[in-house]
Structures are given as structure tokens and as C-alpha cells.
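A short worksheet on the structure shown next.
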Amino acid sequence: MSASSSPPSRPVVTRFAPSPTGFLHIGGARTALFNWLYARHYGGKFLLRIEDTDKARSTKEAIDAILDGMRWLGLDWDGHEYYQSQFWARHAELAHRMLDRGQAYRCYMTHDELAEQREAAQRERRPFRIDSPWRDVTEEQGAKPFVIRLKAPRDGETVIDDQVQGRVTVQNAEIDDFILLRSDGSPTYMLAVVVDDHDMGVTHVIRGDDHLNNAFRQLAIIRAMGWPEPTYAHVPLIHGPDGAKLSKRHGALGVDAYRDELGMLPEAVDNYLLRLGWGHGDDEIISRDQAIEWFDLPQVGKSPSRFDFKKLENLNGHYIRDADDQRLADLVAQRRSLSPEQIALLVRAMPELKSRANTITQLAENADFLFATRPIHVDHAASALLTPDARLLLAATRQNLASLTNWDAASLEAGIREVAEASGVKLGKLAQPLRAALTGQTTSPGIFDVLALLGRDESLDRIADQMEPKE
RNA sequence: GGCCCCAUCGUCUAGCGGUCUAGGACGCUGCCCUUUCACGGCAGAAACACGGGUUCGAGUCCCGUUGGGGUCACCA
Numbered sequence: 293m294s295a296s297s298s299p300p301s302r303p304v305v306t307r308f309a310p311s312p313t314g315f316l317h318i319g320g321a322r323t324a325l326f327n328w329l330y331a332r333h334y335g336g337k338f339l340l341r342i343e344d345t346d347k348a349r350s351t352k353e354a355i356d357a358i359l360d361g362m363r364w365l366g367l368d369w370d371g372h373e374y375y376q377s378q379f380w381a382r383h384a385e386l387a388h389r390m391l392d393r394g395q396a397y398r399c400y401m402t403h404d405e406l407a408e409q410r411e412a413a414q415r416e417r418r419p420f421r422i423d424s425p426w427r428d429v430t431e432e433q434g435a436k437p438f439v440i441r442l443k444a445p446r447d448g449e450t451v452i453d454d455q456v457q458g459r460v461t462v463q464n465a466e467i468d469d470f471i472l473l474r475s476d477g478s479p480t481y482m483l484a485v486v487v488d489d490h491d492m493g494v495t496h497v498i499r500g501d502d503h504l505n506n507a508f509r510q511l512a513i514i515r516a517m518g519w520p521e522p523t524y525a526h527v528p529l530i531h532g533p534d535g536a537k538l539s540k541r542h543g544a545l546g547v548d549a550y551r552d553e554l555g556m557l558p559e560a561v562d563n564y565l566l567r568l569g570w571g572h573g574d575d576e577i578i579s580r581d582q583a584i585e586w587f588d589l590p591q592v593g594k595s596p597s598r599f600d601f602k603k604l605e606n607l608n609g610h611y612i613r614d615a616d617d618q619r620l621a622d623l624v625a626q627r628r629s630l631s632p633e634q635i636a637l638l639v640r641a642m643p644e645l646k647s648r649a650n651t652i653t654q655l656a657e658n659a660d661f662l663f664a665t666r667p668i669h670v671d672h673a674a675s676a677l678l679t680p681d682a683r684l685l686l687a688a689t690r691q692n693l694a695s696l697t698n699w700d701a702a703s704l705e706a707g708i709r710e711v712a713e714a715s716g717v718k719l720g721k722l723a724q725p726l727r728a729a730l731t732g733q734t735t736s737p738g739i740f741d742v743l744a745l746l747g748r749d750e751s752l753d754r755i756a757d758q759m760e761p762k763e
């Protein structure tokens, strides 16, 4: 488990570099979190760069969703966000510099020629690696279109001391002469990241495992430029419950969906993501401050982990129980458009409500009985409770409660126990129909609290609504 | 397929040669609490993929097998 690693010897600068072609999904969020945590732990900087090189696929909505998602998760970046597309000229300039130095070359191969090589390799069952006849040609070939390719080293090997994966070695023969500048003059991702990371002073590149192979290509550019090499840390990917790469059906949803649809609290998502692939002894509930204090790369696991909604939900339930009542009420209010009076009621009910919910969505549903208008809808299971006998009991209960001078939980409990005793039934026999009448459901907060919350008039009326058998 | 990486309960993980008859958490089962449902408390079932080494001693180190993942674009 011990990747060869050492504390940083220079001021830390990390970055998160999403491409705005979709929303900020959960894997990206974890990458961002690790980068953020690492920078904060070492008192460094955490930068944000939007990789909008692919103009066709980049959208304003996606950019906003990413920024919004990061803010929600509390991952603040230092300074303004960078946009990769702003540095095109710089990228092209450097590609040409490498060309001038003989570290890159103009390749005039056509798609057909390339395809031919690929097929030949396939026929002979040997690995395909581009072999351009232009590798050592320095003269320009008139106006024919060309791309600029890196003249990658062909001998020796490249070693990366990855902070997570350990020492990884690749034969240079495996690295092909990949494209730096496209025929339309635009930079490829491979060139752009390297240049931007260098220009932004990034010291630690913490990203998904899927980039490990790219790191060797990028290193080739860095060495050609003679720039300092960043420290790499390739974090294993997050998989779906079935072990396959996390896809939409698994939960590679935008973080906005975790907030809006699943009803998660940001601290729960952060905590869950932190524990996915990283651990600190037996600790499960980890505050932001503890995370900053404890987080480091050596403890990051090397194997991919599966996303477990159940555990996230449990964690979310923990944070809900921990959360401030007013905050929770506001969150529910956003989903239900409540009046100030209703929100005030919700805040009072919150202590009872929040121990019963693992998500804000559930919390909102559980609170609905408070705001239902008479006659309230009684669900199937609840109406089954309202037998003729039960309705009679309800009438007796109502009469007793109506005579109460104090409408608080303690008085109500005394009153109801009195009725139960007088009628010779157990409390449960009475409480359940009462619950059905008051909430329309078979589960709810404690029945005395429900009565107190609803108030005398509303409670009495709801009971009255159910006293007579319905036709 | 080539290259790279990974491998402890169903899942997330602790474990960094002896304290491991392998610990915690989620989930699951049972019990307690109890007006329902939760919360909470207690108890339980549940794992070192396999085979070789190294060592006095291996979950921990090495090799292989198997399994899984990643990557092989004028995408990022």
C-alpha cells in the first residue's frame, strides 16, 4: 500500500481541470476534493482550469454547472478560474519552438496512409505504433496540410514515481509520436495540459487513473521543454455497484442531482467521497477540518472502489441529524414553497422529523402531513386502520382532548392514556388510528408531538373528519 | 490483443513480518428501547482469490496463475 512518497519540497500548487462537456460528476468531484484537500493540507494553492479546448462540445451550461457544483461542495479555488482556450497562441508557439529545435516534426501523412499502417499492423498481429516517414524531414512541403508531431524518444524507458501508484515504468518504444498541433493549428489536449500546468506553476498533478498512460506522453513534452516535472498522483477511478466503470445509470450523475434529486447534504457527499479510496484508521465521520489535517496521498488506495448509495445515504442521515433545524427547514421549504408561518412550524417539528430521514427528499415527504389541507388524504395502509371500532375510539378521544386546558405534549399524553385505559385498550390500539386520522399515514413522529405540532383546532378537526365511517 | 495498474467480509476500508482465533463502517439477521416509523443500544453471520517461494514466522515481501480495471484518436 505504500507508494513511494514524500512530503512536498516546494510550495504546493494543485489544480482541477474539468472539460465542460457535461456536468460535474461524482468522479470529478472526488478528484477536485483530493486536489483541494492536498493544497489546503500543505497550505498551498488550489487552481481551477476549464479545459474548453473542444469548442464544439463545451457549453456555458456545463461550465456553470461545474462552478456551481464546486461551490456547493465547498471547494473554493484560489484566484479566478482559467480557460484553456485563452492560451491557444501560447500552445502553438511552443509547438513551433519544439519544431525549430528538432524535437517535433511536420507530418504530412493522410488519414488513409495512417489507416493503412494500422491495418498492416493488425494483419501481422503486432501492436500498432505510428511510423511517420516525415519524422526526420525538416523541409516544409509547400501548402500541403500537416500536423506537428512530437519526436518521441525511441530508446530507454520512462519512470514515474507516482504518489499513489508507486513507481511505474514504461518503455519509451511504447510512446508514439503523438500530435501536438492539429492541421487546423489548434493544440491537442496533450500539449495544452502540459503547457498550462507549467505556466500556472502546478506542482502536483492529482487526477484520475485513466490519465496514467498520458502522463508518460506529457512527460516527454516536459523533458523536451526542459521544464520541472510535476509530482503525479493518479487516483483510482470510481466504479458502479457492478464493478464496471461508473456510468449514468450507476450514479455518475451531476452533483446537482445529488443535491436536488437525491436530497444530499454537501458535507455528506464530501465525507463519503473522501472515504472512497482513502482512509484514516477506523474513522468514518470526518469533519472538514479533520480532513484537511489528515489528508495526504500515501493513504490513498490503489484499487478502484465501488460507489455505494446505501452508505452515502446513511452518512447523509447522520449529517441531517447533526444539522441545524432552521437550515433543514429552509432546504425543505425550497422544495415545497412554504409560507414563513409554515417554515416556523417546520422548524419546531424538525427535531422529531430529522431523526427519521436520510435525505432531504424524505424529510420533505415526512413533513407533508403538517401542511396538508382538510380533509387530508389517507393512504391505503392508514385507512385500513380506521375500522368502525377505531372510529368510535377516535370520537371518545376527541371528546377527551377537547376538554384539555393545556395543549402540550405532556398533557396530551396524559389525556390519551386516560382514554386508552378507560376504553380498556393498549395505547398502540388507539395511537395508530389517531395517527392515521392526523397524518393520513401509518408512520410519523410520536403521536403526542404530532398533536402538539398541529395545534388544537386542526387536530380536533382532522379527528372529526375520520370519526364517521365513509360511504 | 499490446502496454500499464489493481486484488482483505456483499460494499467502503484498517492492517505497513510476529500484538490477526483479521478490526471498524454500510448493508443484512436477532434482541432491547417503544404509540408507529426512525434514532439509539446490544449481539450475530460475513473476507485475507489461488499456487509457489523468501523467512524461525506472511494478510503483510518476491514470482506465477486467475480475476478485475485503465489505456491504446487530428476527444479531453
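Numbering (our numbering) for the first sequence: 293 to 763. Even glycine gets a Cβ: it sits at the ideal position worked out from N, Cα and C.
Item, Value
"Determine the direct distance from the alpha carbon of Lys646 to that of Ala744, and round the result to whole angstroms.", "17 Å"
"Helix, strand or coil for His317 per DSSP?", "strand"
"Compare the beta carbon distance of Leu511 and Ala387 with 8 Å and say whether it is the shorter of the two.", "no"
"For a minimum of 3 consecutive residues, which ranges assigned as the beta strand (DSSP E) are wholly contained in the segment 453–507?", "458–463, 471–473, 496–500"
"Using 8 Å as the Cβ pair cut-off and three pairs as the minimum, do the segment 516–533 and the segment 621–631 touch?", "no"
"Could you pull out every residue in the same chain whose Cβ sits closer than 6 Å to the Cβ of Leu677, ignoring the five residues on either side in sequence?", "Gln724, Pro725, Ala728"
"Would you check if the distance between the CB atom of Leu730 and the CB atom of Ser703 is smaller than 8 Å?", "no"
"Tell me, which residues are paired with Arg441 by DSSP?", "Tyr397, Ile471"
"Do you know how far the Cα of Leu686 is from the Cα of Met759?", "6 Å"
"So who's on the other strand from Ile530, going by DSSP bridges?", "Ser597"
"What are the uninterrupted segments assigned as alpha helix (DSSP H) that are 4 or more residues long and contained completely in the segment 357–435, given in chain order?", "380–392, 403–415"
"I believe Ile440 touches Leu391 by the beta-carbon criterion, under 8 Å. Please report the beta-carbon distance rounded to the nearest angstrom.", "6 Å"
"What do you get for Gln691, buried or exposed, if any count of 16 or more other CB atoms within 10 angstroms of its CB means buried?", "exposed"
"Spatial neighbours of Asp562 within its chain, please: C-beta separation below 8 Å, excluding the five flanking residues on both sides.", "Leu325, Leu365, Gly366, Arg580, Ala583"
"Pop quiz: Lys436 and Asp469 are said to be a contact at Cβ under 8 Å. What is the actual Cβ separation, rounded to whole angstroms?", "Rounded, the Cβ-Cβ distance is 18 Å, inconsistent with contact."
"Does the distance from the CB of Gly609 to the CB of Gln591 come in under 8 Å?", "no"
"Check for me: the alpha helix (DSSP H) holding Arg619 runs from which residue to which?", "617–628"
"So what's Val670 in DSSP terms, helix, strand or just coil?", "coil"
"Counting along the chain, where does the beta strand (DSSP E) carrying Ile708 start and finish?", "Element bounds for Ile708: not the beta strand (DSSP E) but the alpha helix (DSSP H), 701–715."
"Taking Lys347 as part of the alpha helix (DSSP H), name the residues at either end of that continuous run.", "Segment: none, Lys347 is in no alpha helix (DSSP H) and carries neither H nor E."
"Is the segment 453–470 close to the segment 494–512, with three or more CB pairs under 8 Å?", "yes"
"From this set, Ser424, Arg683, Arg499, Leu655, which residue's C-alpha is nearest Ser311's C-alpha?", "Arg499"
"Would you call the segment 627–634 and the segment 592–612 touching, i.e. three or more CB-CB distances under 8 Å?", "no"
"Check whether the Cβ atoms of Ile612 and Asn650 lie closer than 8 Å to each other.", "yes"
"For Leu410, I'd like the list of residues in its chain whose CB is within less than 6 Å of its CB, leaving aside the five on either flank, ordered along the chain.", "The question names Leu, but residue 410 is Arg in the sequence shown. Only Phe420 meet the Cβ criterion."
"Are the CB atoms of Asn327 and Gly349 within a distance shorter than 8 Å?", "The sequence given here places Arg at residue 349; Gly does not occur at that position. No, Cβ-Cβ distance for Arg349 and Asn327 is not below 8 Å."
"Between Arg341 and Met492, which are expected to be in contact by the criterion C-beta below 8 Å, what is the C-beta distance as a whole number of angstroms?", "7 Å"
"How many angstroms separate the CA atom of Asp757 from the CA atom of Gly720?", "21 Å"
"Would Phe379 pass as a contact of Val487 if the rule is Cβ separation under 8 Å?", "yes"
"Could you check what DSSP says for Arg648 in three-state terms: helix, strand or coil?", "coil"
"Skipping 5 residues on each side, what residues in its chain have a beta carbon closer than 8 Å to that of Leu483?", "His383, Leu386, Ala387, Leu472, Leu473, Ile513"
"Contact check, Val547 vs Gly361 under 8 Å by CB: the rounded distance?", "4 Å"
"Expressed to the nearest angstrom, what Euclidean distance is found between the alpha-carbon atoms of Tyr564 and His669?", "37 Å"
"Report yes if the C-beta distance between Arg322 and Leu504 is below 8 Å; otherwise report no.", "no"
"Look at Ala354 and Val485 and say whether their C-beta atoms are less than 8 Å apart.", "no"
"Identify the continuous beta strand (DSSP E) that holds Ile727 and give its terminal residues.", "In the sequence as presented, Ile is not what sits at residue 727; that position holds Arg. Element bounds for Arg727: not the beta strand (DSSP E) but the alpha helix (DSSP H), 719–731."
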